[in-house]
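Just below is one structure, and these are the notes that go with it.
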Amino acid sequence: MRIASWNVNSLKVRLPQVLDWLAKHQPHALCLQELKLEDANFPIAAIESAGYFAAFSGQKTYNGVAILSRSPATNVARGIAGFGDPQRRVISADVSGVRLVCAYVPNGQSLDSDKYNYKLGWLSSFSAWLERELAEHPQLAVLGDYNIAPEDSDVHDPKAWEGQVLVSAPERDAFRNLIRLGFSDSFRQFEQPEKSYTWWDYRMNGFKRNLGLRIDHILLSHGLVAKCTGCSIDLEPRRNERPSDHAPIVAELSL
DNA sequence: ATGGCGCCACATTGGCGA
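Residue numbers for the first sequence follow my numbering, so the first one is 557 and each next one is one higher.
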């Protein structure tokens, strides 16, 4: 079972690339973030023609998440239970016996921004909710754009980024708190190339110079990580014309 | 030097992303 996550930065613009990627990699499930479209505009026909079911939660302009799956997604839930968030950032569902959570963690903008406080509060609610989800679903995978680079090795220039949003100590503490609930960072369960990242700034030839951050992650519960046989970042779509600024991350499960 | 690039919308400029 191949599961994947990709922040597409507008599904409207990236739809042809998503369809190409599905055809090439045939994942059992693909979690998408930053759809940037309302549910009424979700390209359901194109996704279904590609052989996928879709569960989605979108809004105009910002955010928006979806789970595409080859078998139907059941018990679909939207948002973080008990956290009334108008921003569409979380969708979860059962797919072939695995509970999938697709998440788009707030960016935070900068440490002195209200958006940063929102991010930390959001992560606190997310963590409390995931603890309950984990108790209910031993086979739990949390895929998405976490907007946190967990370690300096996940940052192209740790000195330049020191203390900035995406790498600040409170954000990294929040990420570690998620791990402590009973998850593993699937990417770090395997030997990986040096300087592996999932996001590169559009500006300054960030991708060509590999000036990136590893901020997209697939967290697996202990019940699932034992069945994980690999995890990798697919750099190819970042080389496309009009690419997303994020690359897909893929995990293989022996299920 | 807070820029750069890309996407979106109350659009020809500003908000936001990371």
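Where a beta carbon is used, it is the ideal one built from N, C-alpha and C, also for glycine.
Here the structure is a predicted model, which means the values were calculated and not measured.
Closest to residue i by C-alpha separation, out of the options, would be which residue?
i, options, result
"ASP668", "SER740, GLY620, VAL721", "VAL721"
"HIS581", "GLY640, ILE704, MET557", "MET557"
"ASP772", "SER724, PRO583, ASN766, SER788", "SER788"
"LYS783", "ASN761, SER742, GLY768", "SER742"
"ALA730", "LYS751, PHE746, PRO583, ILE704", "ILE704"
Identify, in the order they occur along the chain, each residue of the same chain with its Cβ nearer than 8 Å to the Cβ of residue i, setting aside the five sequence neighbours on each side.
i, result
"GLN695", "GLY653, VAL654, ARG655, SER777, GLY779, LEU780"
"SER627", "HIS584, PHE609, VAL651, SER652"
For residue i, I'd like the list of residues in its chain whose CB is within less than 7 Å of its CB, leaving aside the five on either flank, ordered along the chain.
i, result
"PHE763", "TRP756, ARG794"
"GLY635", "ASP641, VAL646"
"SER724", "LEU667"
Does the Cβ-Cβ distance between residue i and residue j come in under 8 Å?
i, j, result
"ALA629", "ALA601", "no"
"SER625", "VAL657", "no"
"ALA560", "PRO804", "yes"
"THR754", "ARG736", "no"
"ILE647", "VAL632", "yes"
"PRO599", "LEU578", "no"
"GLY738", "LEU699", "no"
"LEU734", "SER810", "no"
What does the alpha-carbon distance come out to for the pair residue i and residue j?
i, j, result
"LYS675", "ARG798", "28 Å"
"THR617", "LEU679", "22 Å"
"ALA807", "ASP670", "34 Å"
"ARG728", "SER681", "16 Å"
"ALA697", "ASN597", "27 Å"
"ARG644", "ASN766", "30 Å"
"ALA659", "GLU792", "23 Å"
"TRP562", "GLY786", "17 Å"
"ASP595", "ASP710", "34 Å"
"LEU575", "ILE603", "7 Å"
Here's a check: name, in chain order, each residue in its chain whose Cβ is nearer than 6 Å to the Cβ of residue i, leaving out the five neighbours to either side.
i, result
"TYR758", "ASP801"
"VAL708", "With the sequence shown as reference, residue 708 is identified as Asp, and Val is not the correct amino acid for it. Closer than 6 Å at the Cβ level, and outside the excluded window around ASP708, lie PRO714."
(message) Whether or not the segment 576–595 and the segment 608–622 are in contact is what I'm after, with contact meaning three or more pairs of Cβ atoms, one per stretch, closer than 8 Å; do they touch?
(response) In short, these stretches touch, since the Cβ pair count reaches three.
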